[in-house]
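**Student:** When we follow the numbering used here, the leftmost residue of the sequence shown carries the number 36, and every step to the right adds one.
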Amino acid sequence: AYRSVEVDQPYLALTFDDGPNPETTPKLLKMLRDRNIKATFFVLGTHASAYPDVLRQIAADGHEIGNHSWNHPQLPKLTVAGADKQVEDTSRAIEDATGAKTVLLRPPYGAMTPALQAHIAQKYGMTFIYWSVDPLDWKIRDGQSIYDQVLKNARPGSIVLAHDIHATTVAAMPRVLDALIAKGFKFATVSQLIGMEKPGAPKVAAALPAAPKKTVRKPQPAMGDTTPGTASATTKPKAVNATAPKPVSTSASAARDAAKYGLY
Numbered sequence: 036a037y038r039s040v041e042v043d044q045p046y047l048a049l050t051f052d053d054g055p056n057p058e059t060t061p062k063l064l065k066m067l068r069d070r071n072i073k074a075t076f077f078v079l080g081t082h083a084s085a086y087p088d089v090l091r092q093i094a095a096d097g098h099e100i101g102n103h104s105w106n107h108p109q110l111p112k113l114t115v116a117g118a119d120k121q122v123e124d125t126s127r128a129i130e131d132a133t134g135a136k137t138v139l140l141r142p143p144y145g146a147m148t149p150a151l152q153a154h155i156a157q158k159y160g161m162t163f164i165y166w167s168v169d170p171l172d173w174k175i176r177d178g179q180s181i182y183d184q185v186l187k188n189a190r191p192g193s194i195v196l197a198h199d200i201h202a203t204t205v206a207a208m209p210r211v212l213d214a215l216i217a218k219g220f221k222f223a224t225v226s227q228l229i230g231m232e233k234p235g236a237p238k239v240a241a242a243l244p245a246a247p248k249k250t251v252r253k254p255q256p257a258m259g260d261t262t263p264g265t266a267s268a269t270t271k272p273k274a275v276n277a278t279a280p281k282p283v284s285t286s287a288s289a290a291r292d293a294a295k296y297g298l299y
């Protein structure tokens, strides 16, 4: 699982969720084409099957396509068989339209459990892709806010989340893209970015239950002793937390989740 990648060069990955959309996605594709930028699109199976021509254009332009479920439920709220069907049906829709298989999965809402993540990864050979930059464009439909959040938080190796189904997001993209270019950033698909991972860089571990913390009683310094404690010589990389980085609705209905929060 990845939410960012350690790289030596100033590359980042732009990712767009919830499409394709017949109105907004083609506009975004032109913006990317004009700047020779490749991105990764995490599509919904319902939209992929409804708009295969748009999906084929995404592929024809050299972008990467990932699986974002069939109709955007919280996968952990489904049975394992139900979650499997979400993955399988979407992958089939992508392959039917483009002839290509996808090995990337972004769970809706970022909602996932360790057991389900391990099951899907093993059964389908899927790599889970989360994100490190979120402009909250699903919630705050404001171009300036999108611009500010992306430019403030983008780093080499960032995976940037956005949504090609929202007109405000697409309208903000020319300014965002040009500003990132001006700052010296280069662009890669998610798979390309992972391929640039620094040798020996700590891998982002698959989701695992957190180990119970041990209580360590620290020795109290003697009076007058101001010498700081010595830090540990090794720092362990943090694992991706497979629970949602964004608020997750408690509604049992995925449709009501989407209506309340917007798809993300």
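Positions of the beta carbon are idealized from the N, C-alpha and C atoms, including for glycine.
Is the number of C-beta pairs between the segment 83–100 and the segment 46–59 that are closer than 8 Å three or more?
**Tutor:** With the cut-off at 8 Å, the segment 83–100 and the segment 46–59 touch.
**Student:** Quick one: what does DSSP say leucine 64 is sitting in, helix, strand or coil?
**Tutor:** Helix.
**Student:** How about arginine 189 and leucine 47: are their beta carbons less than 9 Å apart?
**Tutor:** It should be pointed out that residue 189 corresponds to alanine in this sequence rather than to arginine. In this structure, leucine 47 lies closer than 9 Å to alanine 189 by Cβ.
**Student:** Please look up how many angstroms separate the CB atoms of proline 87 and alanine 132, rounded, as I've assumed it's under 8 Å.
**Tutor:** Proline 87 to alanine 132, Cβ: 4 Å. Contact.
**Student:** Measure the C-alpha to C-alpha separation of phenylalanine 302 and leucine 196 and round it to an integer number of angstroms.
**Tutor:** The shown model of the chain, from 36 to 299, leaves out residue 302, and the question about it has no answer.
**Student:** For the ligand FMN, is there any heavy atom lying closer than 8 Å to the beta carbon of isoleucine 181?
**Tutor:** Ligands in the displayed structure: none, and consequently the ligand FMN is not present.
**Student:** For the putative contact between proline 108 and glutamine 121, defined by C-beta atoms under 8 Å, what is the C-beta separation to the nearest angstrom?
**Tutor:** That pair is a contact at about 7 Å.
**Student:** Does valine 185 come out as helix, strand or coil in the three-state DSSP assignment?
**Tutor:** In this structure, valine 185 counts as helix in the three-state DSSP scheme.
**Student:** Does the segment 199–206 come within contact of the segment 215–229, defined as at least 3 CB pairs closer than 8 Å?
**Tutor:** With a cut-off of 8 Å, the segment 215–229 and the segment 199–206 do not count as touching, because too few Cβ pairs lie within range.
**Student:** Starting from histidine 154, trace the alpha helix (DSSP H) both ways and give me its first and last residue.
**Tutor:** Unbroken alpha helix (DSSP H) run through histidine 154: 149–159.
**Student:** Just list the residues that DSSP pairs tyrosine 46 with in beta bridges.
**Tutor:** In DSSP, tyrosine 46 forms a bridge with Lys221.
**Student:** Looking at the secondary structure, which residues open and close the beta strand (DSSP E) in which histidine 198 lies?
**Tutor:** Element bounds for histidine 198: 194–198.
**Student:** Do leucine 139 and glycine 101 come within 9 Å of each other at the CB atom, strictly closer than that value?
**Tutor:** Result yes, Cβ atoms of glycine 101 and leucine 139 sit closer than 9 Å.
**Student:** Look up valine 89 in the DSSP assignment and say whether it is helix, strand or coil.
**Tutor:** If DSSP states are grouped into helix, strand and coil, valine 89 belongs with the helices.
**Student:** Could you check where the beta strand (DSSP E) with threonine 75 kicks off and where it finishes?
**Tutor:** Here the beta strand (DSSP E) through threonine 75 covers 75–78.
**Student:** For glutamate 123, which three-state DSSP category applies?
**Tutor:** Helix, per DSSP.
**Student:** Answer yes if the segment 149–161 comes into contact with the segment 113–120, meaning at least three C-beta pairs across the two stretches below 8 Å, and no otherwise.
**Tutor:** With the cut-off at 8 Å, the segment 113–120 and the segment 149–161 touch.
**Student:** Buried or exposed, going by whether 16 or more other CB atoms sit within 10 Å of the CB of threonine 224?
**Tutor:** Buried is the call here.
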